Every structure is written in structure tokens, then in C-alpha cells.
Amino acid sequence: KTFLMPYLIVLTMAYPIAKLLVPLIYKPWTRKIDGLENIPKDMPFIIASNHASYYDALLPAVIIAPKINKKIQPLVNSFYWKPFITRFFLDLWEAIPVYVGKGKNAKEKNMKAFEKALSYLKKGESIMIFPEGARSSDGKLKKAYTGVARLALKSKVPVLPVGVIDSNKVLPVGKMLPRFKRCEVKIGKLIHFDKYSNRRINDKLLEEITRSIMKEIAKLIGQKYNY
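The sequence shown begins at 4 in this note's numbering and counts up one residue at a time.
Shown next as C-alpha cells:
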């Protein structure tokens, strides 16, 4: 039962009548959306959002995709490819599996996932990623992985920071159905990385860029990123 909501999200995003169903799912639990004017219409970009609930796994894509009239390919935990039904719709949605933890060949599989995400960006598509990698049960920002920075540098596309406030109150970790709460979505200004084009990509640089992205997300949600 705990996993019902992410399955519904997958089904809704992939199904042809998504444009009709999605507003019914997110509008009753969303009190405010700011920053729609920051969404670029003429270039690929990487959506980077905080992650505190299965509910915010839905929000950035369903709000932004209609504005650019394009599908947004998300990076999703490979766990959801195990059941046939979610695997079918995730593949239909062209989601990209990310292998969390130290499973067999996880590093090699994640390299393939990275290359796939990169190929979408080079084709002019947009990607959605949660730099923290997993949900924060209390809504506080967790330390982010550097994949978003590496992807931005390699693709040479900007990052669109998105902050979601109170999604963990709408659908707390471990709950099956949303509560009578409302969340807020704030879309920040594009972050460009042209100034790093001549620098060698190493761990220090990736941490620096990841920190800059997370600090922008932190500002949007009224928190601090202290990692």
C-alpha cells in the first residue's frame, strides 16, 4: 500500500489522457506556484528539485511539461522497474533507471543511465533529477549527489532549480493517501555554467557546482544547505 501513490504517478504521467488527469491530482493539494516565467521555451534544461515526498516526484514535471509542450524524462529509482505494470509505463514515459546503493553492476548501469540522460539533452529534450537521490522524511535538505553537476557540465545546458514546500505534509513517508494539506512550488531562475567550461572536471569542481545548485533550491524553500 505504501507504494500505491508512485504507481499512480507513473500511470498518470504515461497515459494519453494525462493532460486531463494530472491537474485533478496536483491542483487540490497545491496552494501556490511561483516562477513560471523562468521556464525557458527554446532550449533543453535540467530540472533539479528537492525531494521530500512521492507527491513531489509528480509536481515539477506536470507543471513544467505543458509550458514547454514537451515530455520531460525523469531519472527514477530502478526499484520501480521490478513490477511489470510500472515497468511498462516507465518505459512508455521514457524514464531513466538509476541504481541506488551497491547492487550488482550498479556503477556500470548508472554510467549507462548518465549517457542516456546526456543523449536526451543533446537532442533538445529536458531531464528531471532529484540531486538528494532519495526522499527526506522531515522535509529538510539532505546532502546531494554530484550527478546533476556532471550532467550539466557534460551537456552544457543550464539547470532550472525547483523548490517544493510542504510536500511531506501532503503525503508523508509511509502514507498511502494524501492528507488535507497544500504545498507550494517555486521555480527559480536558470543557472548557467559557462564560466566552468575551461576547468577540468574533478570531484572538487563537481561538489562546488552541486553546492551552488542546492543553495539555490534552499533559497526557494527557505532553508539552508550546509553540506
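Cβ atoms here follow ideal geometry from the backbone N, Cα and C, with glycine treated the same way.
If you're wondering where the values come from, they're calculated on a predicted model, not measured in any experiment.
Exercise. How is the beta strand (DSSP E) around Gln149 delimited, first residue to last?
Worked result: For the sequence presented, residue 149 should be read as Thr rather than Gln. Neither: Thr149 is in no beta strand (DSSP E) and is coded neither H nor E.
Exercise. Could you give the distance in angstroms between the alpha-carbon of Val176 and the alpha-carbon of Tyr57?
Worked result: 8 Å
For this session: Could you pull out every unbroken beta strand (DSSP E) segment of at least 3 residues lying fully inside the stretch 173-220, listed in chain order?
Result: 186-190
For this session: Below 7 Å CB to CB, which residues in the same chain sit around Phe133 once its five sequence neighbours on both sides are set aside?
Result: Ser52 and His54
For this session: Compute the Euclidean distance between the alpha carbons of Ile88 and Arg202, then round it to the nearest angstrom.
Result: 44 Å
For this session: Measure the alpha-carbon distance for Ile220 versus Asn229 and round it to whole angstroms.
Result: 12 Å
Exercise. Terminal residues of the continuous alpha helix (DSSP H) containing Asn113?
Worked result: Ala109 to Lys125
Exercise. DSSP on Leu39, reduced to helix/strand/coil?
Worked result: helix
Exercise. Where does Leu78 sit, in a helix, a strand or coil, going by DSSP?
Worked result: strand
Problem set entry | Residues sharing a beta bridge with Ile99, DSSP | Leu78
Exercise. When the distance is taken between beta carbons, is Val101 closer than 8 Å to Leu124?
Worked result: no
For this session: Inspect the beta-carbon positions of Cys186 and Val165 and report whether they are closer than 8 Å.
Result: no
Exercise. Do Pro181 and Gly127 have their CB atoms nearer than 8 Å?
Worked result: no
For this session: With Leu65 as the anchor, note down where its alpha helix (DSSP H) starts and where it stops.
Result: Here the sequence assigns Val to residue 65, which means Leu is not the residue at that position. Unbroken alpha helix (DSSP H) run through Val65: Leu62 to Ile71.
Exercise. Between the C-alpha atoms of Glu135 and Gly150, what's the straight-line distance to the nearest angstrom?
Worked result: 10 Å
Exercise. If we call anything under 8 Å between Cβ atoms a contact, is Lys157 one with Leu121?
Worked result: yes
Problem set entry | Per-residue DSSP class, three states only, for Ser158 | helix
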